[in-house]
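J.: What follows is a structure written as structure tokens; I'll ask about it next.
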Amino acid sequence: MGLPDGSDHGTQQTEALLSAAQEMELQRRDYHVERPLLNQEQLEDLGHWGPASKTYQWRTWFRCSRARAYSLLLQHVPVLGWLPRYPVREWLLGDLLSGLSVAIMQLPQGLAYALLAGLPPMFGLYSSFYPVFVYFLFGTSRHISVGTFAVMSVMVGGVTESLTADESFQQSLNATLDDARVQVAYTLSFLVGLFQVGLGLVHFGFVVTYLSEPLVRSYTTAASVQVLVSQLKYVFGITLNSHSGPLSVIYTVLEVCAKLPETVPGTVVTAIVAGVVLVLVKLLNEKLHGRLPLPIPGELLTLIGATAISYGVKLNGRFRVDVVGNITTGLIPPVAPKTELFATLVGNAFAIAVVGFAIAISLGKIFALRHGYRVDSNQELVALGLSNLIGGFFQCFPVSCSMSRSLVQESTGGNTQVAGAVSSLFILLIIVKLGELFRDLPKAVLAAVIIVNLKGMMKQFSDICSLWKTNRVDLLIWLVTFVATILLNLDIGLAVSIVFSLLLVVVRMQLPHYSVLGQVPDTDIYRDVAEYSGAKEVPGVKVFRSSATMYFANAELYSDSLKEKCGVDVDHLITQKKKRIKKQEMKIKRMKKAKKSQKQAASSKISSVSVNVNTSFEDVKSNDAEGSEAKVHRGEELEDVVASNQEDARAPAMTSLKSLGLPQPGFHSLILDLSTLSFVDTVCIKSLKNIFRDFREIEVEVYIAACYSPVVTQLEAGNFFDESITKQHVFASVHDAVTFALHHRKSGPKSPVLATKL
1316 MGLPDGSDHG
1326 TQQTEALLSA
1336 AQEMELQRRD
1346 YHVERPLLNQ
1356 EQLEDLGHWG
1366 PASKTYQWRT
1376 WFRCSRARAY
1386 SLLLQHVPVL
1396 GWLPRYPVRE
1406 WLLGDLLSGL
1416 SVAIMQLPQG
1426 LAYALLAGLP
1436 PMFGLYSSFY
1446 PVFVYFLFGT
1456 SRHISVGTFA
1466 VMSVMVGGVT
1476 ESLTADESFQ
1486 QSLNATLDDA
1496 RVQVAYTLSF
1506 LVGLFQVGLG
1516 LVHFGFVVTY
1526 LSEPLVRSYT
1536 TAASVQVLVS
1546 QLKYVFGITL
1556 NSHSGPLSVI
1566 YTVLEVCAKL
1576 PETVPGTVVT
1586 AIVAGVVLVL
1596 VKLLNEKLHG
1606 RLPLPIPGEL
1616 LTLIGATAIS
1626 YGVKLNGRFR
1636 VDVVGNITTG
1646 LIPPVAPKTE
1656 LFATLVGNAF
1666 AIAVVGFAIA
1676 ISLGKIFALR
1686 HGYRVDSNQE
1696 LVALGLSNLI
1706 GGFFQCFPVS
1716 CSMSRSLVQE
1726 STGGNTQVAG
1736 AVSSLFILLI
1746 IVKLGELFRD
1756 LPKAVLAAVI
1766 IVNLKGMMKQ
1776 FSDICSLWKT
1786 NRVDLLIWLV
1796 TFVATILLNL
1806 DIGLAVSIVF
1816 SLLLVVVRMQ
1826 LPHYSVLGQV
1836 PDTDIYRDVA
1846 EYSGAKEVPG
1856 VKVFRSSATM
1866 YFANAELYSD
1876 SLKEKCGVDV
1886 DHLITQKKKR
1896 IKKQEMKIKR
1906 MKKAKKSQKQ
1916 AASSKISSVS
1926 VNVNTSFEDV
1936 KSNDAEGSEA
1946 KVHRGEELED
1956 VVASNQEDAR
1966 APAMTSLKSL
1976 GLPQPGFHSL
1986 ILDLSTLSFV
1996 DTVCIKSLKN
2006 IFRDFREIEV
2016 EVYIAACYSP
2026 VVTQLEAGNF
2036 FDESITKQHV
2046 FASVHDAVTF
2056 ALHHRKSGPK
2066 SPVLATKL
């Protein structure tokens, strides 16, 4: 192997290091070689293979940069990675048939969902072409079908109708009603794409984790109800006022009921016949699922048949059945979004961006798990964002993925997004040449297509029964989400649902399960004594555990539950102890004061007696009397000092619970199992310190067990450890703490042999 060019000194050094490495190998093989091992500097030099030339460094940098750039390109444009390795023989036929099947569904749904968005039907076809092809280039899911979706369309429709209901708004845009709605829709699509791309680039894909499955399913169910209500005007052939904001669904239903006498019979009959045909074809497809290579295109056949009948019978002229009208053919040039609408649409755009991504990534992960591949949530966010962003320039409204089309794409043999590219090219053909053929299509038929396709989402009402049996907290999230979305509309309902879901998480963190642990006999396993009959408490030791981490919101509850589970009124016991110690101190002070007064009286009596003695007797024995009196005073002072020292020595013994006549706890050691502690804050640290202080006041020693190293580091940073609380109180497991507590109780405080030092 050739080495890079270098200096002679570098070559000699390399040869010396190689010989040293060979001698190391001889040592490893048990050969006796008297040569010292290589130090760290020599090993690093050996790893560098001598100094490299500048040419080699530039060449290496260029290769690394090129490889890194190619890796980033493959990461953000996944089609470059899988398309060159596409197995044509195995997958192409399935993708072609799948793409054709999806396109057959995409056509009627695109026309119908444009009505949901309050736009002319042609813009539904645009939204079924541009975003689909963009996702083919940037998406990582192989089976989801991106395009128009009922929930997204009704959210867009709510925005377009609420804004354009004001005539001054139309005048500010200098446009007709339809043109104003189109401008709002593609500007909204641009903003939605901008949000999604931005969040994807900063790796914000984890935001979908805050949208739980019950929340998403309930939200889509409530949205399907709003979709159903929005189509009633096309089913009955009546004209309704535009309602937006909270309670708009309720107002719409009330207005429909009030205008039922104005119903157009021909429109109702058309919608019923189209709906019955669609349901029968779907049932037939389900029955013949294993026998047919492709499902019967009921929606496309219904559209073609309804258009032919409408054109031949003149449904619009004779029976006042409203039809689609003129459909322009051909592609339209790109236009810039209306920047003056950004401030008005930014809130709705963010809500639509989050909902669209949540639906797409949920379906994408379902198919990925089923077929054994990985979906990158951040790249999906970027791909969906680029679909909406680029689509906004071509007057598309925001899109996501459709559950019904995705299931068809998978079941008909689709393996990759080549099926999506095929379906988008088929839609392109319709846009360029065949779109004008559907100008006599009754809108009631499109309404029937939408309502029949809501069947899957309407089935989600069965979640109420299943969640009632399995998890009633999730049921509460489901019900609150549904009611909030129905009453407050889709954007506000989503915000309320997310806030309520997060509040429930906080509440559940504040109300964890607290338990006292006991040892399973002859093991080092500790379990809740209330749940496991075989677990027995260790005599003299209490082991306490919480099912959730302790932080500022539940720290006080943790302390209260600990004292309750221990069966000792700690606060009352400490209060009584302080009161009795105070009484004892006051009694001692009174005794000292009484002794002092007695001594003063005795000394004054002695001095008065000595004054009345005969003068001559004083002269004779003056020296002896003075010596005796001094001895008496010195003896009394010595007695006072000894008595004071004896009282101080007895003081600690007199402050124990037993000496004070107070009941002692039934245990001498408390072990806190902190295995569920994932982080600590300042309130948690203060609470733990208070627990140590309070239980030591009642002569119970406290230990910490099963605390993870990062948490111990946080405790150190928070100045938890000091002279009274040391690392000797921290143990790797509950069993280690129990063993030490029992040993410490027997041998005294100077035997921390079994303590686990961290």
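Counting with the numbering used here, you get residues 1316 to 2073 for the letters of the sequence shown.
Ideal Cβ placement from N, Cα and C applies to all residues, glycine included.
Okay, do the stretch 1745–1764 and the stretch 1632–1644 touch, 3+ Cβ pairs below 8 Å being the bar?
T.: Result yes; three or more Cβ-Cβ pairs closer than 8 Å.
J.: Can you look up residue 1979 in the DSSP assignment and give me helix, strand or coil?
T.: DSSP places residue 1979 in coil when its eight states are reduced to three.
J.: How would you call residue 1952, buried or exposed, if buried means at least 16 neighbouring beta carbons within 10 angstroms?
T.: Any answer about residue 1952 is weak, because its pLDDT of 48 lies below 50 and its placement is not dependable; what the coordinates show is given next. The residue in question, residue 1952, is exposed, as its Cβ has fewer than 16 Cβ neighbours within 10 Å.
J.: Touch check for the stretch 1667–1686 and the stretch 1706–1718: three-plus C-beta pairs under 8 Å?
T.: Contact between the stretch 1667–1686 and the stretch 1706–1718 is present, because at least three Cβ pairs lie under 8 Å.
J.: If distances are taken between C-alpha atoms only, which option among 1859, 1897, 1893 comes closest to residue 1986?
T.: The option with the nearest alpha carbon to residue 1986 is 1859.
J.: With H, G and I counted as helix, E and B as strand and the rest as coil, what does DSSP make of residue 1996?
T.: Looking at residue 1996 - three-state DSSP - the assignment turns out to be coil, as it is neither helix nor strand.
J.: Between the Cα of residue 1514 and those of 1697, 1982, 1667, 1844, spot the shortest distance and give me the residue it belongs to.
T.: Of 1697, 1982, 1667, 1844, the residue nearest in Cα terms is 1697.
J.: Taking 9 Å as the CB-CB limit, is residue 1983 close to chain C?
T.: Although the question refers to chain C, the structure presented lacks it and comprises just one protein chain.
J.: Counting only the same chain and skipping the five closest in sequence on each side, list residues whose C-beta sits under 6 Å from that of residue 1450.
T.: Once the five neighbours on either side are set aside, the close Cβ partners of residue 1450 are 1461, 1698, 1702.
J.: What separation, rounded to the nearest whole angstrom, lies between the Cα atoms of residue 1631 and residue 1734?
T.: Cα to Cα, the separation comes out at about 37 Å.
J.: Using a threshold of 9 Å, state whether the C-beta atoms of residue 2046 and residue 2015 are closer than that.
T.: No; because the gap between Cβ atoms is not below 9 Å, this pair is not in contact.
J.: For residue 1765 and residue 1542, which I take to be in contact (beta-carbon distance under 8 Å), what is that distance rounded to the nearest angstrom?
T.: At roughly 6 Å, the Cβ-Cβ gap stays under 8 Å, so residue 1765 and residue 1542 are in contact.
J.: Would you kindly work out how many angstroms separate the C-alpha atoms of residue 1690 and residue 1500, rounded to a whole number?
T.: Spanning the two alpha carbons is a distance of roughly 29 Å.
J.: If you run the structure through DSSP and keep just helix, strand and coil, what is residue 1311?
T.: Nothing in the structure corresponds to residue 1311, since the chain is present only between 1316 and 2073.
J.: Does the separation of the CB atoms of residue 1694 and residue 1455 fall below 9 Å?
T.: It is a contact, given that the beta carbons lie within the stated cut-off.
J.: What three-state label does DSSP hand residue 1881 in the structure shown?
T.: Residue state, collapsed to three classes: helix.
J.: Give the C-beta separation of residue 1742 and residue 1422 to the nearest angstrom, bearing in mind that I take them to be a contact with Cβ-Cβ under 8 Å.
T.: Yes, residue 1742 and residue 1422 are in contact; Cβ-Cβ is about 7 Å, under 8 Å.
J.: What's the call for residue 1912, buried or exposed, on a 16-neighbour Cβ count within 10 Å?
T.: By the 10 Å Cβ count, residue 1912 comes out exposed.
J.: Applying the 10 Å Cβ sphere with the 16-neighbour rule, what's the burial state of residue 1503?
T.: With 16 or more other Cβ atoms within 10 Å, it is buried.
J.: For residue 1677, I'd like the list of residues in its chain whose CB is within less than 8 Å of its CB, leaving aside the five on either flank, ordered along the chain.
T.: Excluding residues within five positions, the ones whose Cβ falls inside 8 Å are 1523, 1528, 1531.
J.: Per the DSSP calculation, residue 1834 is bridged to which residue(s)?
T.: Per DSSP, 1841, 1851.
J.: What does a CB cutoff of less than 7 Å around residue 1506 pick up in its chain, not counting 5 residues either side in sequence?
T.: If we look at residue 1506 and ignore the five residues flanking it on each side, its Cβ neighbours are 1657, 1660, 1661, 1664.
J.: Please classify residue 2059 as buried or exposed, where buried requires at least 16 neighbouring CB atoms within 10 angstroms.
T.: It is buried - the Cβ of residue 2059 has at least 16 other Cβ atoms within 10 Å.
J.: Quick one: residues in its chain with C-beta nearer than 8 Å to the C-beta of residue 1570, no 5 flanking neighbours on either side, listed in chain order?
T.: So the list reads 1555, 1556, 1558, once near-sequence residues are dropped.
J.: Using the C-alpha atoms, what's the distance from residue 1905 back to residue 2007?
T.: C-alpha separation (whole angstroms): 34 Å.
J.: Alpha carbon to alpha carbon, how far is residue 1793 from residue 1779?
T.: Computed Cα separation, rounded: 8 Å.
J.: Could you compute how far the alpha carbon of residue 1401 sits from the alpha carbon of residue 1394?
T.: About 10 Å.
J.: Between which two residues does the alpha helix (DSSP H) harbouring residue 1564 extend?
T.: 1563–1573 is the extent of the alpha helix (DSSP H) around residue 1564.
J.: Can you check which of these residues, 1845, 1999, 1888, is closest to residue 1980 by C-alpha distance?
T.: Among 1845, 1999, 1888, the Cα nearest to that of residue 1980 belongs to 1888.
J.: Between the beta-carbon of residue 1989 and the beta-carbon of residue 2017, is there less than 9 Å?
T.: Contact: no.
J.: Consult DSSP for residue 1778 and reduce its assignment to one of helix, strand or coil.
T.: Correct three-state label for residue 1778: helix.
J.: Per DSSP, what kind of secondary structure is residue 1601 in: helix, strand or coil?
T.: Three-state result, residue 1601: helix.
J.: Please classify residue 1837 as buried or exposed, where buried requires at least 16 neighbouring CB atoms within 10 angstroms.
T.: Classification for residue 1837: exposed.
J.: By a C-beta neighbour count over all protein chains shown, 10 Å radius and 16 as the cutoff for buried, is residue 1365 buried or exposed?
T.: The pLDDT assigned to residue 1365 is 46, lower than 50, so where the model puts this residue is not dependable, and the model offers no usable value.
J.: Using C-beta distances below 6 Å, list every residue in its chain close to residue 1686, excluding the 5 sequence neighbours before and after it, in chain order.
T.: Excluding sequence neighbours, residue 1686 sits near nothing in its chain.
J.: Flag this pair as yes or no: are the beta carbons of residue 1465 and residue 1539 separated by less than 9 Å?
T.: A contact, by the Cβ cut-off of 9 Å.
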